[in-house]
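All the letters of the sequence shown, read from the start, carry residue numbers 100 to 236 under the working numbering.
No residue lacks a Cβ here, since even glycine has one placed at the ideal position from N, Cα and C.
Predicted model, so just to flag it, every value in this text is computed and none were measured.
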Amino acid sequence: MKNTNFVSCLCALLVATLLASPVLASSPTQAPKVVVEKTVSVGAEGGNAQVTFTATKGQRLHIALKASSSMEPYGFLERAGSSNGEYRPANERAKKGMNEDDVTISTSGKYSLSLFDGSNAGGTIKVTITELPREEQ
Numbered sequence: 100m101k102n103t104n105f106v107s108c109l110c111a112l113l114v115a116t117l118l119a120s121p122v123l124a125s126s127p128t129q130a131p132k133v134v135v136e137k138t139v140s141v142g143a144e145g146g147n148a149q150v151t152f153t154a155t156k157g158q159r160l161h162i163a164l165k166a167s168s169s170m171e172p173y174g175f176l177e178r179a180g181s182s183n184g185e186y187r188p189a190n191e192r193a194k195k196g197m198n199e200d201d202v203t204i205s206t207s208g209k210y211s212l213s214l215f216d217g218s219n220a221g222g223t224i225k226v227t228i229t230e231l232p233r234e235e236q
């Protein structure tokens, strides 16, 4: 009987403590929104492939390229109808088949990411573009 009373008291104390304690609200972690997830083939000796997507002014994007470890994947990002663009991610950032960069979109519209292999071997590149939280102003 002594053990039963002890266990009952312990359980009652535990329940009372839990009810009296503030519950920590955990903010749900939200997975980043995927804008593009596609695997493309890039030919050897200067071959390229393209992915297109729509983006809005101020949108922050993370571009990740993954290929075989012997490749040096990189991209050239430009807005449709524009005569200029920029290397994102640049070739010199490629390491062991991986390359990534963050970019903030300056003008809303349709964008094209041309993909290349700096090693000129060619192969497949997995392209993942995710949306990052907007910067506070």
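Do residue j and residue i have their beta-carbon atoms positioned less than 8 angstroms apart in this structure?
i	j	result
residue 204	residue 162	no
residue 212	residue 157	no
residue 150	residue 137	yes
residue 231	residue 141	no
residue 178	residue 206	yes
residue 233	residue 201	no
Can you tell me whether DSSP reads residue i as helix, strand or coil?
i	result
residue 159	strand
residue 144	coil
residue 171	coil
residue 192	helix
residue 208	strand
According to DSSP, residue i sits in a beta bridge with which residue or residues?
i	result
residue 202	160
residue 129	DSSP, once it has assigned bridges, lists no residue as partnering residue 129.
Assuming residue i and residue j form a contact by the criterion Cβ under 8 angstroms, report the distance between their Cβ atoms to the nearest whole angstrom.
i	j	result
residue 144	residue 218	The pair is not a contact, with the Cβ atoms about 10 angstroms apart (cut-off 8 angstroms).
Output the distance between the C-alpha atoms of residue i and residue j, rounded to the nearest integer angstrom.
i	j	result
residue 169	residue 195	6 angstroms
residue 216	residue 226	13 angstroms
residue 154	residue 220	31 angstroms
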